[in-house]
Amino acid sequence: MYRALKGLEEAGLVQRIATLRAWGLVTSPTPGVLAICDDCGAVRSVEAPSLFETLHQRLAAEGFAEARQTIEVHGRCGDCSGAKG
Ligand SMILES: [Zn+2]
980 MYRALKGLEE AGLVQRIATL RAWGLVTSPT PGVLAICDDC GAVRSVEAPS
1030 LFETLHQRLA AEGFAEARQT IEVHGRCGDC SGAKG
């Protein structure tokens, strides 16, 4: 199981969700923020190109060459919080 997922990760098809020790489908080719619902477990990728651009600039200023980055945000999804009509 793990080895299969590792292969998919290398193929760019899935990414590991570190804080959940879980895996999620890569739904967007652009870097995104993973919004993870702690209630129902839904994982949603939210595009935030300007955020990643800022992050990249900050890391570059530190001389840090990032290979990949995943930002995970925990909270409650629209369904669970009732925010979505
Ligand atoms: Zn939810």
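Converting from the sequence shown to the working numbering requires adding 979 to each position, the first position being numbered 1. Beta carbons are placed, not taken as given, at the ideal position from N, Cα and C, and that holds for glycine. A quick note: this is a predicted structure, and the numbers were derived from the prediction, not measured.
Around Leu-1038, the same chain offers Glu-1045 as residues with beta carbons nearer than 6 Å, after the five sequence neighbours per side are excluded. In chain order, the residues that have a beta carbon nearer than 6 Å to some heavy atom of ligand 1 are Cys-1016, Asp-1018, Cys-1019, Ala-1021, Arg-1055, Cys-1056, Asp-1058, Cys-1059.
Three or more beta-carbon pairs separated by less than 8 Å are not found between the segment 1018–1028 and the segment 983–993, which leaves the two stretches without contact. In the same chain as Arg-1055, and ignoring 5 residues on each side of it, the C-beta atoms closer than 6 Å to its own belong to Cys-1016, Asp-1018, in chain order. In the structure shown, Arg-1047 adopts coil according to DSSP, grouped into three states.
Straight-line measurement puts the Cα of Glu-1032 at about 14 Å from the Cα of Phe-1043.
By the criterion of a C-beta distance shorter than 8 Å, Leu-1030 is surrounded in its chain by Val-1012, Ile-1050, once the five residues flanking it on both sides are discounted. When Glu-989, Arg-995, Ala-1014 are compared, the shortest CA-CA separation from Gly-1057 is found for Ala-1014.
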